[in-house]
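If you want this note's numbering, it's the position in the sequence shown, counting the first as 1, plus 11.
Presented below is the structure to which this report refers.
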Amino acid sequence: MTYRLGVDVGGTFTDLLLFDEASGAFWRHKTPSTPHDSSEGILTGVKAITEKAGITAADISYFLHGTTVATNAVLEGKGAKVGLVTTQGYRDIMQIARSFVPGGLAAWIVWPKPQPLARLEHTVEVPGRMDAKGREVAPLDEDAVRAALRKLKGDGIEALTVSLMNAYLNGAHESRIGEIAAEELPGIPVSLSHEVLPEMQEYERTLSTVANAAVRPVVSKYVSNLRNKLEAEGLKGRLSLLRSDGGLMSSQKAEEHPVNILMSGPAGGVTGALWVAKNAGFENILTLDVGGTSTDVALIQGLEPRRQRTTEVGHLSVRASALDVKTVGAGGGSIAHVPELTKALRVGPESAGAVPGPVAYNKGGTLPTVTDANVVLGYLPEDLLGGSFKLDREGAKAAVQTIADALGVTLMEAARGIIDIVNENMFGALRMISVQQGYDPREFALMGFGGAGPLHVNAVARLMGSWPAISPVSPGVLCALGDATTRMRTETARSFSRLAKDTTIADLVAVLDEMAAQTRNELLADGIPEDQITSEFEIDVRYAGQAFEVPLTITQDILEKDGIEGILARFDEEHLRLFTFNMDTPHEIVNLRAVALGQAPALPAAELPKGDGNPSAAKIRDHVLWMDGEERAAVIYDRAKLRQADVIEGPAIITEMDSTTLVEHDCRATVDAVGNILITLKAEG
């Protein structure tokens, strides 16, 4: 028996999902997160879920983990004190940065420039230089290097970055400084730019490497602590972490290159949605991951999630592949308020979070939230989790009444107004990753997950025109499911910088073969068998003179079959979709990347017993809710008792351990073979 355990640590809850690879059976568990030390919550969850399944920790072969440790270190400014070694004359590289100012007109008046992760006083220069072709122009002055490193040691640095000019072409000087640093600064982790990001553009390369160094001690401490605790619990399986791009990396790699796990958390939801889509027979999916504080959205086309070449966390934007996930401050805990100045209802981005939480949770919250509005309208029944968790509807009503009074409307109108606004906020985020990227949302289904996603997915699907609205199996722990069902991934990059007309296929293949061998060897070192590794390539193309490029995914077979012309035709097609025009300018091939992938686990989705279409066996009780301007009779169902092919007429509420699904009055829901709830408009059958 092979068991895979997916663990996703969120701000409020730690979600666990244990998968039996042979039968497709799974167990799920939610336990409160322990922010002071995430491993405590994880171990509590591991003990509980192994007990549920009747196994021990020793039976788990794969421990797969999505974490926000690196993200939080950046957002909270708790990264390490980083020392930076640069080429002589380039000490101000982090201060000069890029002349980009966020926001609209005149934003520069009020925008304080963020403090660089490596301060000027912790930046040193060393003599020695490579030219633009990677040839040594001036030798490295090793005495000066030792003196510079001793200065940084005196400053008390906790991590070291070495980023020299043109090191992406020849990293010999950086490697030598790394060797000297091992002698002069024992125990201090060293990040070399030609290993972290071997691409041109020295600021982006330096920033990415500094970010890697800044979170390295924090991530290393967390991972080694977790590994030790799990081993003490008897777990002998492989520990892997989820990368920002949706693949897995070994825990040892994560300690060395934590810049690749900055967006590990949101990536789990997308990989989980991908697994559900495959099993449900959908190829094009928009994802709606609604938590307590924020909503994450992403786009999957042809079972391929969109990726981007940058990872953005707060003000930090680093060159590391990540899934294209957009976040908006709209969640179950988002607070509704009416500003005195405008007298117009606002929802979020402030959140009541887990503490004190919504008023309905009875944990001391006093401000009206989205969850309270859902309770008032009857969308969230008062007795959740089979009656073990009671919501305070009267308290929620009193809180939402303050909004009604401020607006001069009825209680129900105010509550529905809160829901409509938060749905519009989610709609806006979804437009950013679909319409604004040249995709028609009507060609996609919308999948809602996270604690509150299934509650809003029906209404947001209506705004988008994206049908069916899907409430997947175990929506509340879908991120943990994503951690458990994805595969190992690693990549490397190289700058190429040649005009396409001066490049032959042989030139490209020679470099790509070398890069493919490097990435394959990395996965072999992680214990992945040779016959389970596949390679893909990405080529960044732009019109000569443009400032940025468009990445294209390609295989070696297609490359050899279609040639350079095939790549350029694909670039023109993508450029037209993104920007609605093409140019007559020559094409330039800028960067090359090789991606090595392990085999995706063939995890089956367990089929539900067949039903006759009548869901009455799952009925809990009759219910009344407010929808479309009036009170309507509805039914509450227990999801665990639904059978495949059951049809539920709206309005209806379907409850389960980790989430609640709302079916609106002019819609109907059908349960598919593996238990997903598919919601469509009644008029369309």
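Glycine residues also receive a C-beta, built at the ideal position from the N, C-alpha and C atoms.
Beta-carbon spacing of residue i, residue j below 8 Å
i: threonine 496; j: threonine 217; result: no
i: serine 482; j: glycine 459; result: yes
i: glycine 279; j: glycine 493; result: yes
i: alanine 491; j: aspartate 70; result: no
i: valine 93; j: isoleucine 168; result: yes
i: arginine 404; j: alanine 363; result: no
i: glutamate 599; j: alanine 511; result: yes
i: valine 700; j: arginine 679; result: An answer regarding residue 700 cannot be provided, because it is not within the stretch 12 to 696 covered by the chain.
i: isoleucine 199; j: alanine 170; result: yes
i: alanine 504; j: asparagine 602; result: yes
Residue i to residue j span [Cα, whole Å]
i: glutamate 584; j: aspartate 518; result: 24 Å
i: tyrosine 390; j: threonine 566; result: 48 Å
i: leucine 4; j: lysine 264; result: Outside the displayed range of the chain (12 to 696) lies residue 4, so it cannot be described from this structure.
i: alanine 628; j: glycine 428; result: 35 Å
i: alanine 616; j: glutamate 424; result: 41 Å
i: serine 275; j: proline 486; result: 18 Å
i: aspartate 683; j: valine 329; result: 41 Å
i: threonine 79; j: alanine 644; result: 42 Å
i: glycine 622; j: isoleucine 664; result: 19 Å
i: arginine 531; j: methionine 638; result: 55 Å
i: alanine 456; j: isoleucine 647; result: 25 Å
i: leucine 692; j: glutamate 454; result: 16 Å
i: leucine 337; j: alanine 155; result: Sequence inspection shows lysine at residue 337; the leucine mentioned does not correspond to that position. Between lysine 337 and alanine 155, the C-alpha separation is close to 45 Å.
i: glutamate 355; j: leucine 86; result: Rather than glutamate, the amino acid found at residue 355 in this sequence is alanine. Their Cα atoms are separated by approximately 31 Å.
i: glutamate 642; j: lysine 401; result: 22 Å
i: threonine 172; j: valine 96; result: 6 Å
i: valine 446; j: proline 452; result: 7 Å
i: arginine 15; j: methionine 499; result: 14 Å
i: lysine 630; j: aspartate 394; result: 15 Å
i: alanine 694; j: phenylalanine 582; result: 41 Å
i: alanine 143; j: threonine 514; result: 19 Å
i: glutamate 210; j: asparagine 181; result: 11 Å
6 Å CB neighbourhood of residue i in its chain, flanking five on each side removed
i: glycine 686; result: Val484, Leu619
i: leucine 474; result: Phe438
i: proline 379; result: Ala347, Ala410, Val411, Ile414
i: valine 488; result: Asp26, Leu28, Arg39, Asp669
i: histidine 326; result: Pro125
i: serine 204; result: Ser174, Ala178, Arg216, Thr220
i: arginine 650; result: Ile665, Glu667
Residue interval of the beta strand (DSSP E) (run including residue i)
i: alanine 84; result: No beta strand (DSSP E) contains alanine 84, which is instead part of the alpha helix (DSSP H) from 80–86.
i: glutamate 185; result: Looking at the DSSP string, glutamate 185 is not in any beta strand (DSSP E); the run it does join, the alpha helix (DSSP H), is 183–195.
i: aspartate 26; result: 24–31
i: valine 173; result: 170–173
i: aspartate 19; result: 14–20
i: histidine 741; result: A query on residue 741 cannot be resolved here, the shown segment of the chain reaching from 12 to 696 and no further.
i: valine 96; result: 93–98
i: aspartate 551; result: 545–554
i: leucine 692; result: 688–692
i: alanine 409; result: Per DSSP, alanine 409 belongs to no beta strand (DSSP E); it is in the alpha helix (DSSP H), 404–418.
Cut-off 8 Å between Cβ atoms - residues of its own chain near residue i, not counting five sequence neighbours on either side
i: threonine 98; result: Glu136, Val137, Gly139, Arg140, Leu175, Met176
i: arginine 249; result: Ser72, Tyr73, Phe74, Ser261, Gly538
i: leucine 54; result: Lys240, Leu241, Glu244
i: alanine 341; result: Val301, Ser305, Thr306, Val358, Gly359, Pro360, Val381, Val433, Asn436, Met437, Ala440
Neighbourhood of residue i by C-beta distance below 7 Å, restricted to the same chain and skipping five residues each side
i: arginine 161; result: Glu195
i: alanine 108; result: Tyr214
i: alanine 149; result: Pro138, Gly139, Arg140
i: leucine 128; result: Gly90, Val93, Val221, Ala222, Ala225
i: glycine 368; result: Gly344, Lys374, Gly376
i: threonine 564; result: Glu547, Glu549
i: methionine 443; result: Lys337
Extent of the continuous alpha helix (DSSP H) run through residue i
i: methionine 475; result: 464–475
i: tryptophan 478; result: Looking at the DSSP string, tryptophan 478 is not in any alpha helix (DSSP H), and its letter there is neither H nor E.
i: tyrosine 233; result: 213–243
i: aspartate 300; result: Careful: aspartate 300 lies outside any alpha helix (DSSP H), inside the beta strand (DSSP E) at 296–301.
i: aspartate 568; result: 567–590
i: phenylalanine 438; result: 422–444
i: isoleucine 60; result: 49–64
i: methionine 176; result: Unbroken run through methionine 176: none, as it is neither H nor E.
i: alanine 288; result: 275–291
Check: residue i C-beta below 7 Å from any heavy atom of the ligand NAP
i: aspartate 31; result: For the structure depicted, the ligand NAP is absent and the ligand set is empty, with no information on it obtainable.
Do the segment 464–478 and the segment 242–257 make contact, defined as three or more Cβ pairs closer than 8 Å?
no
Taking three-plus beta-carbon pairs below 8 Å as touching, is the segment 540–549 in contact with the segment 594–614?
yes
Check whether the segment 280–298 touches the segment 309–320, counting contact only when three or more Cβ pairs, one atom from each stretch, lie closer than 8 Å.
yes
Does the segment 230–247 come close enough to the segment 71–90 to have 3 or more Cβ pairs within less than 8 Å?
yes
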